[in-house]
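Novice: Got a structure here, written out as structure tokens. Questions coming.
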Ligand code: PLP
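Residue numbers (the working numbering): 8 to 381.
This is the structure in structure tokens:
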């Protein structure tokens, strides 16, 4: 089996699984319980918060970590939570046209509640259009949410420049789900940001939102007031502990993994770029973990299925809507035509992939293209 769909989800690492099993066997108490067994987990979770902030070079005086059940929830908590709480001062809010649906659909919802929403364009090279951003700023503070790396094409945004333009009084949120561990990030540029465990070799159902302590947000779910009332629900200590292992492993091996992914991606770019009927979406800011291409002479869904029959797994667009025949809105935002937008293939590389697998992929891919009719 060759798995090139790491942007959809990753295989949990052995370290993560071992920690999850260990903690589930020995530290299963509810961290909210008042006995010593539960309290021990509460203390452990607070220690994990400190470790995460330290790993990200953030001070625990200024930032705090809120654990959630996933990135969709974290994006909702950050955006809805901030906007609903600060609606008077921050009625003007903005995001980009190529965000993940868990951001875009929240902004669409906020639009119906009366917020003034701007959807900032992206350039044909897949990064936020800073001129368009400038044109939508009127000197007053805004709430802005811009993704770190795009989940379909892997292009990365420059938060230094974005922060410079929106100013220190504006609030900046970053969906860093595809960016963390894949590109260097200065986390101090953000007021709020989030990422999730299952995209970094952790488990599904566990994520976090990190925010500046001085920023107030409202909860979006109500219940037992865990996480200072911002995210009610029993804290899952084993998953959180496994998440913290995934985070530290990500940064311990950053350079080695980056170099390996780049070697694989460079090889794929060279080999696939020369095939007739393949249009690569390869740009200077792409991180080495995602390679997007479109087929201009064959149906991408047919090729993805043929690869799948050979146990080679790539994706068409993002995993969220790849079952239906949807045009890639991301490719449309970078001015790709209908044929390309309807026939995208995403190859996403992870730490378990090898150059050898990429070679097999290229060989099988070429054979499939030759064997199927247009
Ligand atoms: N944000 C980005 C950029 C993503 O790629 C994804 C998932 O693919 C999400 C948010 C949502 O993550 P989840 O489906 O795990 O909640």
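We put the CB at the ideal spot given by N, CA and C, even for glycine.
Less than 7 Å between the CB of residue 205 and some heavy atom of the ligand PLP, yes or no?
Specialist: The answer is yes for residue 205.
Novice: What does DSSP give as the partner residue(s) for residue 162 in the beta ladder?
Specialist: For residue 162, which the question treats as bridged, DSSP gives the partners 293.
Novice: Can you list, in chain order, the residues of its chain with a C-beta nearer than 7 Å to that of residue 131? Leave out the 5 residues immediately preceding and following it.
Specialist: Excluding sequence neighbours, residue 131 sits near 341, 342.
Novice: In the DSSP output, which residue or residues are listed as bridge partners for residue 353?
Specialist: Partner(s): 299, 322.
Novice: Applying the criterion that 16 or more other CB atoms from any shown protein chain within 10 Å of the CB defines a buried residue, is residue 66 buried or exposed?
Specialist: Classification of residue 66: exposed, given that the 10 Å Cβ count is below 16.
Novice: Hey, out of 277, 183, 292, 70, whose CA is closest to residue 366's CA?
Specialist: Closest option to residue 366, Cα to Cα, is 277.
Novice: Would you identify the three-state DSSP class for residue 42, choosing helix, strand or coil?
Specialist: In this structure, residue 42 counts as coil in the three-state DSSP scheme.
Novice: In the DSSP output, which residue or residues are listed as bridge partners for residue 110?
Specialist: Note: residue 110 sits in no beta bridge, so no partner.
Novice: Can you give, in chain order, each stretch of the alpha helix (DSSP H) that sits fully within the region 21 to 106 and has at least 4 residues?
Specialist: With a minimum length of 4 residues, the continuous alpha helix (DSSP H) runs that stay inside the region 21 to 106 are 21 to 33, 43 to 62, 78 to 92.
Novice: Between residue 45 and the ligand PLP, is there a pair consisting of the residue's CB and a ligand heavy atom that are separated by less than 7 Å?
Specialist: No.
Novice: Please give the ranges of any alpha helix (DSSP H) in the region 222 to 270, keeping only runs that are unbroken, at least 4 residues long and fully inside the region.
Specialist: You should have 244 to 259.
Novice: Report the three-state DSSP secondary structure of residue 12 (helix, strand or coil).
Specialist: In the structure shown, residue 12 sits in a strand (DSSP, three-state: E or B).
Novice: Flag residue 109 as yes when its Cβ comes closer than 7 Å to any non-hydrogen atom of the ligand PLP, and as no otherwise.
Specialist: Residue 109 Cβ: within cutoff of the ligand PLP.
Novice: For the ligand PLP, I want to know if residue 79 counts as a neighbour, meaning its beta carbon is within less than 7 Å of at least one of the ligand's heavy atoms.
Specialist: True, at least one ligand heavy atom lies under 7 Å from that Cβ.
Novice: Roughly how many whole angstroms lie between the Cα atoms of residue 370 and residue 267?
Specialist: If you take the alpha carbons of residue 370 and residue 267, they lie about 20 Å apart.
Novice: Alpha carbon to alpha carbon, how far is residue 112 from residue 209?
Specialist: Their backbone Cα atoms lie some 26 Å apart in a straight line.
Novice: State yes or no: is the C-beta of residue 104 nearer than 7 Å to some heavy atom of the ligand PLP?
Specialist: It does not: the Cβ of residue 104 is nowhere closer than 7 Å to a heavy atom of the ligand PLP.
Novice: Excluding the 5 residues flanking residue 202 on each side, which residues of the same chain have their C-beta closer than 6 Å to its C-beta?
Specialist: Excluding sequence neighbours, residue 202 sits near 183, 184, 187.
Novice: Give the C-beta separation of residue 97 and residue 178 to the nearest angstrom, bearing in mind that I take them to be a contact with Cβ-Cβ under 8 Å.
Specialist: Indeed, because the Cβ distance is near 7 Å, the residues count as touching under 8 Å.
Novice: Would you mind giving the Cβ-Cβ distance between residue 205 and residue 85, rounded to the nearest angstrom? I have them listed as a contact below 8 Å.
Specialist: No, residue 205 and residue 85 are not in contact; Cβ-Cβ is about 18 Å, not under 8 Å.
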